Amino acid sequence: MHFETRAVHTGVNKDTAYNSCITPIYPSSTFYWDDLNTTKGYDYTRSGNPTRSAMEENIASLEGGIDCKATSTGMSAITTCMHLFKPGDHIIAGHDIYGGTYRLFADVFTGMGFKFSFVNMGDSANVKTALTTETKAIWIETPSNPLLNLVDIAAITAVAKEAGCTTIADNTFLSPYLQRPFEHGVDIVIHSTTKYLNGHSDVVGGCVVTRDESNKERVAYIVNALGLACSPFDAWLVLRGVKTLGPRMEAHQRGAMALARMLHEHPAVETVYYPGLESHSGHELAKRQQDGFGAMFSFDVAGGRPAAERFFEKVTLFALAESLGGVESLVEYPETMSHASMTAAARREAGITEKTIRVSVGIEHPDDLVADVRQALE
């Protein structure tokens, strides 16, 4: 079946008692046993829940994996992956990744004895140079947050395979509708389901998708042992939201392209970071490994922070808020918001400045979004 059809129908027909067309919510914390050796497949919701299993089945299908484990947040999905490794292990990540991921790696897990190298992953040679005998994983975030730099997934997975490393890709920005890292050799895919998979800004969640039995079993064990699983109601919300992922993504990126093209020509804007523009350094790579350009972009406004503050005051259809991927459009300031947990030096190294504004384009009509941003700039 086509992607959109699987998004609507996978994990849905679970109610044999009443033939509900919508997957039921099972809020029960525990399930009774038939006898000392027999259950109906579930015993305790931390370990497994029918509603959560239905959502996991859906996302695994869309990503092309064999299994998915849903977690309480996107950060808990990343935490799950880090527990696949041990103190002393070395992990390579991009220098321009999401601020929360950077904080978790640089502060929390570094303090536990893990070793990290943050490199410009736009060139696979930098990854090769960073390899050591202790390197166990390469963390891929593409497009990167917030500057939409692209990583050649196939090139990095080739480096990883030669070095015997695990590759983990954060696919949150594009969703499986526009990018499927397994097709390019990645071992594990993670998402913040808060974003495009849910799509309605009313839940926080995450997931870890695997494509081989070994990682499947280890991830399941970690999620259960650490108590990282998402609640049944949150799983139900994501399963509801993912049904419209395809048409939502088309509407999202239609508006993003219109805005990016307008901003690219606007005299108050210095740079637009959007792979859909032919001027973007990753444009051709995006066409090769993605099925679209997505709905996230950033731009540098001329005039620095004062100009950015004026823009945030004047814009009306865009809420000044963190997060992304909802039906409503959002703007945020990485310097003090999404990437505040990075040091100032790390932000500058990644290319984030006081000029930088990040945009999550919703599904509103492109003409209205363009008009709003134009008036805010002018």
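Residues 104 to 481 in my numbering are what the sequence shown spells out, letter by letter.
Backbone N, C-alpha and C fix where the C-beta goes; we use that ideal spot for every residue, glycine too.
Only a predicted model underlies this, so the values are computations on that prediction, with no experimental measurement involved.
Each residue's CA atom was taken as its position, placing ALA447 and THR456 some 9 Å apart. The C-beta of ILE125 has fewer than 16 other C-beta atoms within 10 Å across all chains shown, which makes the residue exposed.
When rounded, the separation of the alpha-carbon atoms in GLU387 and LEU253 is 10 Å.
Taking LEU277 as reference, the option from CYS268, SER295, ILE271 and GLY288 with the minimal CA-CA separation is SER295. When the Cα atoms are used, GLU159 and GLY177 turn out to be separated by approximately 14 Å.
Counted as a single uninterrupted DSSP element, the beta strand (DSSP E) harbouring ILE195 occupies residues 193 to 197. DSSP places PHE212 in the helix class (H, G or I) of the three-state scheme. Scanning its chain for C-beta atoms nearer than 8 Å, with the 5 sequence neighbours on each side dropped, one finds around ASP118 the residues THR126 and PRO127, in chain order. Apart from sequence neighbours up to five positions away, the residues of its chain that approach PHE336 with a beta-carbon distance below 7 Å are ILE128 and PRO130, ordered along the chain. Closest in alpha carbon position to ASP315, among PHE134, ALA474, CYS171 and VAL476, is CYS171. According to DSSP, residue pairing for ASP170 in a beta bridge involves THR313. Following the DSSP letters along the chain, one finds VAL111 in no beta strand (DSSP E) but inside the alpha helix (DSSP H) bounded by residues 106 to 112. Classified as buried, ALA332 has 16 or more neighbouring CB atoms from the shown chains inside 10 Å of its CB.
Assigned with DSSP and collapsed to three states, GLU353 falls in helix. ALA359 and VAL464 do touch by the CB rule: their CB atoms are close to 4 Å apart, below 8 Å.
Nearest C-alpha to GLY214 among SER401, ASP192, HIS198 and GLU381: ASP192.
Below 8 Å, enough C-beta pairs join the stretch 297 to 310 and the stretch 339 to 359 to call them touching: three or more.
According to the DSSP secondary-structure assignment, MET445 is paired through a beta bridge with no residue.
A direct Cα-Cα distance of roughly 11 Å separates SER441 from ILE200. By the C-beta density criterion, MET104 is exposed, having fewer than 16 other C-beta atoms within 10 angstroms. Under DSSP, THR238 forms a beta bridge with HIS193. Taking 8 Å as the cut-off, the Cβ atoms of ALA233 and SER220 count as close. For MET185, the CB contacts under 6 Å within the same chain, skipping 5 residues up- and downstream, are PHE212 in chain order. Cβ-Cβ distances below 6 Å link ILE162 to CYS171 and CYS310 in the same chain, with the five nearest sequence neighbours on each side left out; the list follows chain order. Using a Cβ-Cβ distance cut-off of 8 Å, the stretch 398 to 418 and the stretch 261 to 274 are not in contact, since fewer than three pairs of beta carbons, one from each stretch, lie closer than that value. THR270: member of the beta strand (DSSP E) spanning 269 to 273, first to last residue. At a Cβ-Cβ threshold of 8 Å, MET445 and TYR145 do not count as neighbours. In terms of CA proximity to PRO246, GLY397 leads the group VAL230, GLY397, LEU187 and VAL222. Closest in alpha carbon position to SER304, among ILE259, CYS268, VAL418 and GLU425, is GLU425. When the five nearest sequence neighbours on each side are left out, the beta carbons in the same chain lying within less than 7 Å of the beta carbon of VAL230 are those of ILE195, VAL222, MET224, ILE241, ILE259 and VAL262, in order along the chain. Taken through DSSP and simplified to helix, strand or coil, SER227 comes out as helix. Taking the Cβ atoms as the reference, SER432 lies roughly 5 Å from PHE421, within the contact range of under 8 Å. If you draw a 10 Å sphere on the C-beta of THR108, you find fewer than 16 other C-beta atoms in it, and that means exposed. Taking C-beta separations shorter than 8 Å and ignoring five residues to either side along the sequence, the partners of LEU250 in its chain run ASP199, TYR376, SER401, ALA453, GLY454, ILE455 and THR459, following chain order. Residue burial annotation: LEU300 is buried, with at least 16 other C-beta atoms found within 10 angstroms of its C-beta. Sequence-distant Cβ neighbours of GLU435 in its own chain, meaning closer than 7 Å and more than five residues away, are LEU423, ALA424, GLU425, SER441 and ARG461.
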